[in-house]
Amino acid sequence: MEVRTLEFGLSAVASQGVTLNLYEKVSLDLALVKLKKRDRVERDLFFWGKLCCQEADYFISYVMEDEQSSYPTKKFYYSAGTFDFRDLPVLTDEQKKQLDALGKIILTGVPNRVIELKNEEGTVAAETDNKEDDESDTDNHSTNHRGALNEVHALSHLIYRIDDATAAVPRGAFRLKYGNKIAPSPEFTGLSFGEAQKFSSWVHFRPAKNLETLQALASKDYQAFRHQNS
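Quick note on the UniProt record's numbering: the sequence shown kicks off at 1 and runs consecutively.
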């Protein structure tokens, strides 16, 4: 949900039973204003959600980046309960494979907690806490000298997996513009109450993965293909 309509957005999802208390709302609002000023964010800032953990909760926000890619990408920020947002690291393919191999990881809310990887024998070493380092030491989010990853890397892996599987937008809200780039559609005026309840009115907001769509994107007849399937 957009930060500028955060209060309305939170009230819309409050019926699900999980929301933010007054302290979290005020602190989050101020922290996001600070983030926007500090990083000189000119685009709309979005609140992604809250992850409940053992010791402290994570708050996640993001901004859409266009840059040179054909599809908009999301730059994520996180706060470990202190409402001081930091860049969420982007993982390498190797780091993703290492985290996948570990299976389920319980998040504690301590971003610099060390997570040991599988050793050469294929066993998993015990997880350890790295609370002696100040949180400011996690700015670079680098692995430690033993080659282990930190909890913030596991957090990043989880966020990107959830977002890839669940991020959705109304059908027709975005269009393909010149240069095969995705952009908001100026003609889109929203969904009616009835349309909003149909699964067919929503599409994943991520690059296409199935072969049929990829072939259509590469075709000069993509516009005709799109209208046939809209």
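Here a beta-carbon is modelled for each residue, glycine too, at the ideal position from N, C-alpha and C. What you are looking at is a predicted structure, and each value in this text was computed from that prediction instead of being measured.
Check	Outcome
Under the three-state DSSP convention, the category leucine 20 falls into	coil
Pair within 8 Å by beta-carbon distance, histidine 204 and alanine 168	yes
Simplified DSSP state of valine 41, which is helix, strand or coil	coil
Beta-bridge partners of serine 79, as assigned by DSSP	Phe59
Distance between beta carbons of leucine 20 and leucine 28, contact taken as under 8 Å	7 Å
Within-8 Å CB hit, leucine 91 to chain D	Chain labels in this structure do not include chain D; a single protein chain is all it has.
Same chain, Cβ closer than 6 Å to leucine 51, five either side skipped, listed in chain order	Tyr58
Glycine 190 to lysine 74 span [Cα, whole Å]	22 Å
Simplified DSSP state of valine 3, which is helix, strand or coil	helix
Whether proline 170 touches serine 201 by CB criterion (8 Å)	yes
Classification of valine 152 by the beta-carbon crowding that lies within 10 angstroms, buried from 16 upward	buried
Of the residues Ala183, Leu10, Val3, Tyr160, the one placed nearest valine 90, counting alpha carbons only	Tyr160
Selection from Ile106, Asp163, Val26 that minimises the alpha carbon distance to leucine 6	Val26
Nonlocal neighbours in the same chain, by C-beta distance under 6 Å from valine 13, ignoring five residues either side	none
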